[in-house]
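*Asks:* Structure below; questions to follow.
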Amino acid sequence: MPLDEFEPIVRPAEPLAPHTWFQLGGPAEYYAEPRDVAQLARLVERCQQEDLPVRILGGGSNVLVRDEGVPGVVVRLPESGFGQIEVRGRRVVAGGGAKLGHVISTAVREGLAGLETLVGIPGTIGGALHGNAGSRGGDIGQWAERATVLTRTGEVAERGRDELVFAYRQSSLDELVILAAEFELEHDDPEQLTKRMQQQWIVKKSAQPLAHQSAGCIFKNPRGMSAGLLIDQAGLKGTRVGGAEVSDRHANFIVAEPGATTNDVLRLIELVRSRVADRLGMELELEIEIW
Ligand code: EPU
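Quick note: the sequence shown, position 98, residue 82 per the numbering used here, numbers continuous.
Pasting the structure below:
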């Protein structure tokens, strides 16, 4: 096999479903969990020589893997080597593999405000920055001061605030890997912050089907509108294809019942798109990534 030298950290034909929130889809041709940056850089370089495409899986919460699986190498950054979190004054420095939820709770405990509006968003710091994850209260990009990335050719580079551009679910950080990021937050009372965070969590939990197999919102909100509201207005709540269903709680969520396949979800996505276009004249754009 072309990646023999990486044998302890690379596995062929690894099922990806258990690594994603949807818990659907086929295997990765190769799956790798490098121990540290040096090993990751060597792996990326090797994949380039072998012409193997590389994809980075964050927390697996915003991705839908096709039933036939993914060619090339899927890399996941383990928290042990890529998930360090440090607080320096008003700054929080976090590894790309750190869970966003852990970074939020560290900041809140230290009395640092800003990121708590993102409570309940799953995934890693790398994934959150890559797609500029956010809620109505703000997005992660507005707090980012600096990022360390690994380019597609395997070089480590720094990106300062002036090079970071964020928009709704979009970021200029399109390098292969986000290794680490630095956030500048605001001092606040930890008790007040905790209360605010808990309130937001309760609101979110009541509005979204968080206990089900899903990948968060499926579609981006069209400017000034809510995709969930549009899908609801088109009368699509509860619509099913196979084991995939438009959530009754929030119409921009598709939930997967036991036995569902990715193909069911993809067919349901197309059905929702075409009904919303027919009935309301709006084109919905995907928010999740399809691999
Ligand atoms: N609404 C309905 N029916 C539905 C869903 C929503 O009538 O089935 C209505 C709500 O009652 C509300 C409006 O639509 O009046 C907006 O709904 P909500 O507050 O739930 O916000 P959203 O625009 O649907 C966005 C983000 C969510 C984020 C929430 C809360 C997108 C695509 N969605 O949803 O993000 O959690 O705000 O901040 O930007 C995600 O990105 O994966 C995600 C879930």
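Glycine residues also receive a C-beta, built at the ideal position from the N, C-alpha and C atoms.
1. Kindly confirm or deny that the stretch 7 to 25 and the stretch 209 to 225 touch, where touching means at least three C-beta pairs closer than 8 Å.
2. With distance defined between alpha-carbon atoms, name the residue in 88, 63 and 83 nearest to residue 75.
3. What is the C-beta distance between residue 110 and residue 200, in whole angstroms, given that I count them as a contact (C-beta under 8 Å)?
4. Is residue 119 near the ligand EPU - that is, is its Cβ less than 6 Å away from at least one heavy atom of it?
5. Just list the beta strand (DSSP E) runs in the stretch 190 to 243, keeping only unbroken ones of 3 residues or longer that don't cross its boundaries, in chain order.
6. Closer than 6 Å to a non-hydrogen atom of the ligand EPU - does that hold for the CB of residue 141?
7. Does the distance between the C-beta of residue 191 and the nearest non-hydrogen atom of the ligand EPU fall short of 6 Å?
8. Taking the alpha-carbon positions, what's the residue 166 to residue 37 distance?
9. What are the residues that DSSP puts in a beta bridge with residue 167?
10. Take every Cβ of the stretch 175 to 191, pair it with every Cβ of the stretch 138 to 158, and state whether three or more of those distances are shorter than 8 Å.
11. Nearest chain B C-beta to residue 35 closer than 7 Å, yes or no?
12. May I have a chain-ordered list of the beta strand (DSSP E) segments no shorter than 3 residues that lie completely inside the stretch -3 to 43?
13. Measure the alpha-carbon distance for residue 32 versus residue 16 and round it to whole angstroms.
14. Spell out a yes or no on whether the stretch 239 to 247 and the stretch 76 to 87 are touching, meaning 3 or more CB-CB pairs, one atom from each, closer than 8 Å.
15. Considering only their Cβ atoms, is the gap separating residue 10 from residue 53 smaller than 7 Å?
16. Can you tell me whether residue 210 sits near the ligand EPU, meaning its C-beta is under 6 Å from at least one heavy atom of the ligand?
17. Which partner residues does residue 122 have in the DSSP bridge list?
18. Thinking C-alpha only, which one of 50, 104, 215 and -4 is nearest residue 263?
*Replies:* Reading it off the structure:
1. no
2. 88
3. Going by Cβ atoms, the distance from residue 110 to residue 200 rounds to 16 Å, so no, they are not a contact pair.
4. yes
5. 228 to 230 and 238 to 240
6. no
7. Yes, the ligand EPU has a heavy atom inside 6 Å of this Cβ.
8. 28 Å
9. 76 and 128
10. no
11. Annotation note: the requested chain B is absent from the structure, which comprises a single protein chain.
12. 11 to 16 and 38 to 41
13. 15 Å
14. no
15. yes
16. yes
17. 119
18. 215
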